[in-house]
Amino acid sequence: MTQIYEQHLWGGKGHDFYSGSGSHDQEITTPYLNAVSSFLQAHDTPLRVCDLGCGDFNIGRELLKYSSAYNAVDIVEALINRNMQYYKAPHLKFHCLDIAKDQLPKADCIILRQVLQHLSNSEIKEVVFKLKAYPYVLLTEHLPENNFTPNLDIISGQGIRLKHHSGVDILKAPFNFKIKAQRLLNTCVLAPGKGCIVTKLYEVF
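Residue numbers -11 to 193, in our numbering, belong to the letters of the sequence shown in order.
Below is the structure:
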C-alpha cells in the first residue's frame, strides 16, 4: 500500500497522499456522506467509530463530528503520521495497524470503505472474524453492476475483483459473516462498465 501512495497509482499527483476518486469525487462522496452521517446522527448517544483503512482522511474528517470517539486506522505509517499532523480533535486517534493481523480498537461501529476489495480472501477472513465484536458494520464495496460471482480470490494490492466480474460479499462463502439485519444505505452507479459502489449497514448479533 505504501508503494501505491508513493507512485500515485490511484491518481492525485498534486497531492502528498491521495486515496483515489472514491474519496474525492463528489458524485461518489456526497451521497455516501449523506447516508452515513444520517445513520450516525440517528443515535441519541453518539457512537464510537473505528474507521478501518482511513486513507487520506478526506471522508473521515466529515464524519468525525458525529462520533463520541473516532479511531482511524491505516497500514501506511507515513500516511498515519501525515494525518496526525493535519487532523486533530480531542476524540480522534490515528493508529498504524494491519487490520488482518493486529488487534483493533474497541468501537460501536466499524467503517470499512472500499478496503476489503483490495485484499486477498485469506486476509478478508481475518478481518471478518474480528467484525463479530462490533454492533454495526458500515461496509462499502466496488461491485459489478449486474449479477456477479462473489469472492474470487486475488493478490492484495492496487487492483480489485471488478475485472474478473467479481466483488466482495462477506455474507457468502468463504466468509459467511452472520448478521442480525442489513440495510442498503447507498448505491452509486458509475460509468458504463465501471460497476457501482454499494454501501450496506450490517447489524451484528
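Even glycine gets a Cβ: it sits at the ideal position worked out from N, Cα and C. A quick note: this is a predicted structure, and the numbers were derived from the prediction, not measured.
From which residue to which residue does the beta strand (DSSP E) around residue i run?
i, result
"K81", "L80 to C84"
"V125", "Y124 to L131"
"S110", "Taken as a continuous stretch (DSSP letters only), S110 belongs to no beta strand (DSSP E), being part of the alpha helix (DSSP H) at N109 to L119."
"P62", "Rather than Pro, the amino acid found at residue 62 in this sequence is Asp. Residues S55 to D62."
"L100", "C97 to R101"
"A188", "Residue identity differs from the one stated: residue 188 is Lys in this sequence, not Ala. It spans C184 to E191 - the beta strand (DSSP E) in which K188 sits, taken as one unbroken run."
"N174", "A169 to V177"
On the DSSP letters alone, give me the boundaries of the alpha helix (DSSP H) that residue i sits inside.
i, result
"T18", "Q14 to Q29"
"V37", "V37 -> not in any alpha helix (DSSP H); beta strand (DSSP E) instead, spanning L35 to L40."
"A66", "E65 to Y74"
"R49", "G48 to L51"
Beta-carbon separation of residue i and residue j under 8 Å?
i, j, result
"V177", "A95", "no"
"H130", "G155", "yes"
"L100", "L80", "no"
"C84", "I98", "no"
"P123", "V24", "no"
"E65", "A88", "no"
"L140", "Q170", "no"
"P132", "K160", "no"
"G48", "D62", "no"
Sorted by chain position, which residues of the same chain lie with C-beta nearer than 8 Å to residue i's C-beta, five sequence neighbours on each side aside?
i, result
"T175", "C184, I185, V186 and T187"
"S108", "D141, I142, I143 and S144"
Taking all protein chains shown into account, do 16 or more other C-beta atoms lie within 10 angstroms of the C-beta of residue i, making it buried, or fewer, making it exposed?
i, result
"Y74", "exposed"
"A60", "buried"
"P162", "exposed"
"I143", "exposed"
"L150", "buried"
"N164", "exposed"
"D86", "exposed"
"T128", "buried"
"L172", "exposed"
"P78", "exposed"
Return yes when the C-beta of residue i is under 7 Å from any heavy atom of the ligand MG, and no when it is not.
i, result
"L100", "As for the ligand MG, it is missing from this structure, which has no ligand bound."
Go through its chain and collect everything with a Cβ distance to residue i's Cβ below 7 Å, but skip five positions before and after it.
i, result
"V103", "L40 and G41"
Within a Cβ cutoff of 6 Å, which residues of the same chain sit near residue i, ignoring the five residues on either side of it in sequence?
i, result
"P34", "S55 and S56"
"Q105", "E129, H130, I148 and V156"
"G71", "Residue identity check: residue 71 is Asn in the sequence provided, not Gly. So the list reads F45 and F82, once near-sequence residues are dropped."
contact_flag[the region 7 to 17, the region 27 to 36] where n(CB pairs < 8 Å) is 3 or more:
Short answer: they don't touch.
Should the region 42 to 58 be called in touch with the region 104 to 122, which here means at least 3 C-beta pairs below 8 Å?
no
Touching or not, the region 13 to 22 and the region 86 to 93, by the rule of three or more beta carbon pairs under 8 Å?
Taking a contact to require three or more Cβ pairs closer than 8 Å, the region 13 to 22 and the region 86 to 93 do not qualify as touching.
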